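Sequences listed follow chains Y, R, D and P, in order.
Its first residue numbered 6, the first sequence is counted upward by one per residue in the working numbering.
Its first residue numbered 102, the second sequence is counted upward by one per residue in the working numbering.
Its first residue numbered 6, the third sequence is counted upward by one per residue in the working numbering.
Its first residue numbered 7, the fourth sequence is counted upward by one per residue in the working numbering.
Just so you know, even glycine gets a beta-carbon here, dropped at the ideal spot from N, CA and C.
As the structure is a computational prediction, the values presented were derived from the model and not from experiment.
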Amino acid sequence: MEALLEQLVVGLSIGSILLLVALGLTFTFGQMGVINMAHGEFIMAGAYTTYVLQELLGAENITAAFLLSLPIALVVAGLMGLLLEATLIKRLYGRPLDTLLVTWGVALILQQVARDVFGAQNVAVASPAWLDGGTELFGIDLPYNRLFIFALAMAVTVAAWVVVGKLKQGRRMRAVMQNRQLAAASGIGTASVDRRTFFLGSGLAGIAGVALTQLGSVGPALGTYYIIDAFLVVIVGGLGQLRGAVIAAFSLGIINSLSEYWTQASLAKVIVFVCIIVFLQFRPQGIFATESRGLA
Amino acid sequence: MSTREKGGRFWLLAILALCLSAFVAVGCGSDSKDEASSTSASASSDSGDTIKVGILHSLSGTMAISEVSVRDSELLAIEEINKNGGVLGKQIEPVIEDGASDWPTFAEKAQKLISQDQVAATFGGWTSASRKAMLPVFEKNKALLYYPVQYEGLESSPYIFYTGATTNQQIIPALEYLQKEKGVKKLFLVGSDYVFPRTANKEIKAWAKANGMEVTGEEYAPLGSTEFSTIVNKVKASNSDAVFNTLNGDSNVAFFKQLDGAGLPSDKLPVVSVSIAEDEVRGIGADKVKGQIVAWNYYQTTPGAENEKFVKAYKAKYGKNRVTDDPIEAGYVGVKLWAAAVEKAGSTDPEKVKAASKGLTLDAPEGKVTVNGENQHITKTSRIGVINENGLIDTVWESDGPIEPDPYLKTYDWAKGLS
Amino acid sequence: MTTEPWLIDELLKIRGLEVDFDGFKAVDGVDVDVKVGEVHFLIGPNGAGKTTVIDCITGMTKPTGGSVLFDETELRGKKENEIVKLGVGRTFQTASVFEALTVEDNLDLAASFRMSTLKLLRRRRGTSETVTKALESTGLEDVRAKPAGTLSHGQKQWLEIGMLLCQDPKLLLLDEPVAGMSPEERTRTGELIRLVAESCTVLCVEHDMDFLRRFADRVTVMDEGKVIKANATVAEVQADERIQEIYIGKGRGIEEVSA
Amino acid sequence: MATAMKALGPTREQLLARVGFAVSALLLLVVAPAFLSDFRLGLLAKFLCFAIIAVGIAIAWGNGGMLVLGQGLFFGLGGYCMAMYLKLAEAGSVGLPDFMVWSGRETLPAFWKPFEHAWFAVGAAVIVPVIFAALLGTLIFRSRVRGPYFAILTQALAAAFVILLVGQQAITGGTNGLTNITTFFGLDLADPGDQRVLYFLAAISLGVVYLIARQLLNSRYGKLLIAVRDAEDRVRFLGYSATRVKVIAFATAAGMAGLAGALFVPIVGIISPAMLGIVPSIEMVVWVAVGGRASLAGAIAGAIAVNWAKSSLSEEFPSGWLYFQGALFIAVVAFAPMGIAGAVAWARDRILERTGRKQPGPTTTATAEGTS
């Protein structure tokens with residue numbers, strides 16, 4: 006029983022990481038129909054941002070560097086996204102498969118750039134002292150870094166929800182997503198809305214990257230470990246659906262942790278995939294259907 | 102299908118034909134001179150002013166992290182030899198190829214080095230998979246490969262020299278250390294999901310069974326994984342005395358962090374790692390692995406004049422912040438061993454080099470090493486070390502002199518039936 | 006509800022049709038009868054649920070309630086392609102043709118719809134009689150070898166109708182066949198539909214009153230998911246003030262819609 | 007009417023196409039073996055295997071609109087089927103492949119048993135991928151998963167397959183894969199002469215695959231496939247099962263990838279999970295995109311050209327190659343979506359216009375929606 010509870014906690018923890026890496030995609034993929042394979046590299050960029058800040062601020066300011074890197078990574082990754090949107094993706098709206106291929110080329114280049122700038126060797130990012138170690142609750146270990154990521158994921162999700170649901174900017178984003186022509190006709194500058202959406206989605210990837218520095222070391226291939234999982238979360242959750250992404254991320258996390266407990270880590274991945282295929286048999290549109298008939 | 106499209110096919114086929122012609126032309130151009138002399142690779146390789154050798158490591162892809170440093174040490178060794186007049190009075194000319202972390206590419210490039218560049222020997226490889234991919238290429242061409250990394254044993258190709266440790270020079274001493282010095286009775290096995298950890302763990306289980314140690318669990322994580330919560334939970338539930346860790350480089354950070362988060366720091370639960378060397382510590386961050394136990398045959402801190410010279414030269418060439426470690430040293434030793442054998446044989450002919458290598462000894466940075474003529478591994482001193490706060494490793498235990506290599510564990514009763 | 010003689014041999018009988026989009030009733034208890042051989046019009050303001058009714062007949066939308074009887078067969082729960090094979094064809098609001106294929110290939114594919122997969126793997130040799138006839142009736146003979154993507158809007162609509170002609174359906178569902186067409190194109194489309202109607206029954210969704218006047222046998226009027234007038238003549242519809250009000254209430258007069 | 011069309015016989019263009027095919031065949035079967043060194047010919051043989059995969063992708067993606075990002079999976083299934091037989095044939099008296107011995111397995115797993123028979127292994131190399139693709143395709147297409155969703159699912163599938171292979175070292179060879187394959191139906195793979203035989207086998211297989219694919223695309227079914235790509239609903243409302251149309255193309259592409267895998271194993275002597283994962287699978291699509299996604303000849307040219315460039319460029323600039331590959335891909339997909347084939351068609355049209363042999367007009371091949 007305790008083991009089960011423990012695995013549920015692990016599942017929530019995996020889920021919060023999945024949510025964090027997938028959140029940006031719910032904007033770029035879900036709302037704009039852009040399959041950005043370079044999303045993983047924006048995550049990587051966020052992680053390297055933390056590393057660079059630590060190098061700049063020195064060993065005595067680790068906490069400051071880490072906290073500062075959250076907004077800075079948002080801007081860095083966001084600007085990279087903006088650049089990508091303005092140069093390439095703009096030309097490819099309505100050709101989702103081509104965005105996938107083009108951004109994969111971008112991902113290749115970004116990885117090699119990271120390798121040439123920071124070295125093929127992984128780099129070490131130090132953790133603030135308050136994130137080391139953990140606490141225990143009802144006999145279950147709760148590492149601080151996991152708690153932090155969980156809290157961060159929740160905070161970012163709420164922030165994204167507020168932006169999309171409550172702010173004027175968010176309403177415009179939804180309007181463009183649902184009917185581009187109509188939105189354009191009613192005076193919304195769709196091009197600028199696209200840019201902002203892409204900035205936001207890419208920036209969220211940067212934040213995810215900062216969080217990931219607390220789990221492992223940072224290397225050029227960091228993003229590739231997460232990209233597929235992130236897309237699966239969005240597909241299962243339903244396009245452009247924040248609540249869908251939340252439910253999907255945690256469900257996949259829990260399925261993963263439970264099957265890993267009863268089998269092995271390698272098999273768990275396969276089991277999760279089988280679950281997704283079966284799930285899509287019943288709900289091809291994801292947990293929540295989109296209001297738009299677009300993309301598919 | 103409109104007529105215009107039919108025409109399109111012709112044009113495309115024409116382009117295809119052009120591509121092919123270009124391919125043929127380029128192929129002929131670069132091969133024509135080799136064709137004539139391709140009867141014996143070795144005969145022609147020392148006929149010019151230089152002797153070509155191949156350096157084949159992953160310079161791109163995931164394995165570049167580890168292999169680039171080994172390439173560097175091999176180049177250093179070649180430079181040193183050339184400064185002292187080369188071999189057989191000729192300069193050594195390295196031909197560098199990229200294995201791109203892809204095993205068939207290793208096989209392809211190995212073939213290219215042998216048949217196009219006609220190298221006298223090749224130094225390269227890191228993963229077992231890349232070695233297994235290259236093995237048939239070297240055997241069928243009767244060419245030499247020097248492989249610089251510790252591995253899982255159970256292999257001894259007549260055309261490969263193994264300058265890294267086999268299991269009885271690294272893993273078994275580590276197990277003995279755990280049992281005798283640390284009093285470990287229950288051991289948990291954690292590894293990355295590939296060949297070395299799985300085969301090594303099979304040997305560990307056989308050893309444990311024979312020596313009264315209990316293996317409480319065996320878990321594998323996909324390569325590159327940073328998710329160890331479940332494995333850590335299993336480790337914790339098993340009440341083990343120690344963990345034997347065969348995780349690959351970048352997974353270690355996550356694993357150690359999560360052990361720490363679960364209240365199992367290194368002083369409470371010792372972890373012995375066999376895949377973390379100084380170069381990996383540099384990427385992981387010394388603070389995260391400080392105090393962890395590792396098992397290798399060489400550390401940057403290993404005493405001796407040869408090593409002082411080596412470390413100095415390596416840092417002088419590649420920068421102060423670079424470190425040397427076991428595979429880096431083994432790559433260096435490989436080049437030196439080959440050069441010594443060529444001098445002794447008076448030829449670069451692989452068969453003569455093989456014959457001359459039998460019993461050849463060398464004062465290596467790790468101490469005196471001797472080539473075992475039978476299995477072409479080298480004798481190695483086993484050293485257990487602890488990572489310090491500078492990211493270097495302090496030796497805490499050392500075997501009594503070099504251990505004879507025994508890749509098939511023939512001299513161990515408990516290993517019967519393993520191979 | 007009635008026993009009038011012209012209602013007896015209905016080809017299509019829709020009863021109590023309901024479609025619920027997440028709580029929004031797009032179609033709410035609709036009954037429609039289409040008699041063999043007639044040209045039946047389904048009209049109503051935007052959002053009345055006309056296209057949804059068509060979608061339900063053809064299996065594109067799954068109704069949440071009611072029944073769709075075609076020639077005594079229940080269509081609900083059947084797949085799109087099965088419904089087509091029973092003899093129900095449809096067009097789309099924006100003409101849907103295969104733009105990369107030639108006009109002739111478009112028609113040929115439509116004509117081959119009962120072919121076995123194995124036969125489909127053979128190459129097409131020459132032009133079948135059905136296709137030749139369809140080329141003639143749609144007046145697309147001159148452009149037969151052109152990719153359909155290069156056709157004008159009107160030509161695409163005719164091609165789509167021509168494709169359905171090749172399938173020899175019993176019931177043809179047309180979704181706004183003349184929207185966005187020039188007056189001449191409308192006339193030609195009308196003639197084409199008249200030709201079609203000789204051999205099959207037509208259910209047509211359309212706004213254009215002039216078009217309706219010229220070709221409709223009977224009319225069913227919908228508003229907000231409900232039928233407000235069933236099986237009326239064109240004159241009855243034009244005389245009905247309630248229908249006028251609905252259109253005016255939506256901001257435009259019934260004649261205006263045709264503009 | 008029909009007879010009238012037939013009586014015209016092959017057009018000038020058709021004749022040219024046949025000449026082109028003959029010239030290519032001549033180059034591949036006579037010129038290349040005569041002038042290339044054993045090493046280069048071996049490489050070319052490998053590229054021809056890749057070209058077979060590319061033909062399949064051109065069918066499924068270029069003509070059917072299904073972006074298959076998991077072809078590595080089918081390539082691997084074919085390769086493993088063949089390699090299992092070859093390993094067993096070599097295991098000889100021990101009866102166990104080498105890696106099983108060192109992984110501590112004492113008996114042959116049941117699913118390995120049938121692979122003792124050559125005919126089973128050869129058949130399975132093509133049929134297993136076909137069956138697997140047909141099943142998977144039916145499940146995916148039936149629930150109307152398409153476009154990017156389909157692409158990402160196939161990609162995830164390839165990733166899951168690799169993880170599975172790696173995790174079951176004792177029965178699959180793990181990360182190492184199945185290596186050290188030295189004979190192939192009595193051929194000694196170390197012998198250059200026997201390697202040549204394999205080269206001819208690959209070249210002829212490619213020719214056969216090309217002809218099959220061409221027949222498929224020129225048939226009504228081929229038109230239907232393009233129809234499904236451009237207007238799936240319309241196809242369904244013409245009374246066809248769009249699912250079946252797509253499954254056939256997907257399974258054909260899988261079968262071709264399987265065949266390529268089966269040929270690849272004896273040519274290269276190794277099959278390992280590293281060649282089946284996400285990155286190699288995307289690279290396969292790269293070849294086709296560069297060559298021209300909807301064109302069979304373009305796909306073949308793309309596969310050979312890209313791999314040839316990779317092989318020679320990566321010899322010179324190991325890290326530069328990745329930049330080049332990335333840039334090439336961006337440039338082709340974003341700015342020349344029809345690849346080499348599209349560029350060729352465009353250039354040809356311009357030349358024909360100049361010389362006045364053709365009326366200016368819209369080119370059909372220069373757009374993303376172009377045809378074969």
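Cβ neighbours of residue i in the same chain (closer than 6 angstroms, five flanking residues each side left out)
i, result
"P/T373", "For P/T373, the pLDDT reaches just 38, beneath the cut-off of 50, and the residue's location in the model is therefore unreliable, leaving the point undetermined."
"R/W498", "Y278 and I485"
"Y/F155", "S21"
"P/F341", "none"
Residue from the options whose Cα sits closest to the Cα of residue i
i, options, result
"P/A31", "P/A233, P/S211 and P/K252", "P/S211"
"R/K158", "R/S483, R/S167, R/A456 and R/D150", "Per the sequence shown, residue 158 of chain R should be read as His rather than Lys. Comparing Cα positions, the closest option is R/S167."
"Y/A158", "Y/S21, Y/Q12 and Y/R248", "Y/S21"
"D/G159", "D/L145, D/L170, D/L169 and D/D36", "D/L145"
"P/V74", "Y/G170, Y/L84, Y/A52 and Y/L106", "Y/L106"
"Y/L272", "P/L193, P/R24 and P/L171", "P/L171"
Rounded C-alpha distance that separates residue i from residue j
i, j, result
"D/A31", "D/K67", "12 angstroms"
"D/T155", "P/I63", "27 angstroms"
"R/E209", "P/A315", "15 angstroms"
"D/E141", "Y/L115", "58 angstroms"
"P/T181", "R/S216", "27 angstroms"
"P/R220", "P/A233", "17 angstroms"
"P/V215", "P/V61", "8 angstroms"
"P/V292", "Y/M42", "14 angstroms"
"Y/G221", "D/K55", "58 angstroms"
"D/C205", "D/E189", "24 angstroms"
"Y/Y266", "P/K229", "50 angstroms"
"Y/R29", "Y/L102", "Reading off the sequence, residue 29 of chain Y comes out as Gly, not Arg. Their Cα atoms are separated by approximately 19 angstroms."
beta-carbon residue i near the ligand GTP non-hydrogen atom, thresh 8 angstroms
i, result
"R/E240", "No copy of the ligand GTP occurs in the structure displayed, which carries no ligand at all."
Residue burial classification, residue i (beta-carbon count within 10 angstroms, cutoff 16)
i, result
"D/E104", "buried"
"R/Q393", "buried"
"P/P103", "buried"
"P/E112", "exposed"
"D/L22", "buried"
"R/S374", "buried"
"P/T313", "For the sequence presented, residue 313 of chain P should be read as Asn rather than Thr. P/N313 comes out buried."
"Y/L300", "Residue placement at Y/L300 is flagged as unreliable, the pLDDT there being 33, under the threshold of 50; a coordinate-derived value is accordingly withheld."
"R/P205", "buried"
Contacting residues, own chain, Cβ-Cβ under 8 angstroms from residue i (five flanking each side not counted)
i, result
"P/V134", "L83, G84, C87 and G264"
Contacting residues, own chain, Cβ-Cβ under 7 angstroms from residue i (five flanking each side not counted)
i, result
"D/A139", "L112, G167, L170 and C171"
"P/L231", "N69, G70, V251 and A255"
>> Between the region 342-360 of chain R and the region 380-392 of chain R, can you find at least three pairs of beta-carbon atoms closer than 8 angstroms?
In response: The count of Cβ pairs closer than 8 angstroms, one atom from the region 380-392 of chain R and one from the region 342-360 of chain R, reaches three, so the stretches are in contact.
>> For the structure I just gave you, are there three or more beta carbon pairs, one from the region 226-241 of chain R and one from the region 268-284 of chain P, closer than 8 angstroms?
In response: yes
> So does the region 286-297 of chain R actually touch the region 318-334 of chain R, counting three or more Cβ pairs closer than 8 angstroms?
Replying inline: yes
> Touching or not, the region 186-199 of chain P and the region 234-245 of chain R, by the rule of three or more beta carbon pairs under 8 angstroms?
Replying inline: Touching, yes, given that three or more Cβ pairs across the two stretches are closer than 8 angstroms.
> Does the region 227-242 of chain Y come within contact of the region 356-375 of chain R, defined as at least 3 CB pairs closer than 8 angstroms?
Replying inline: no
> How about the region 243-263 of chain Y and the region 75-85 of chain Y: do they share at least three Cβ pairs that are nearer than 8 angstroms?
Replying inline: no
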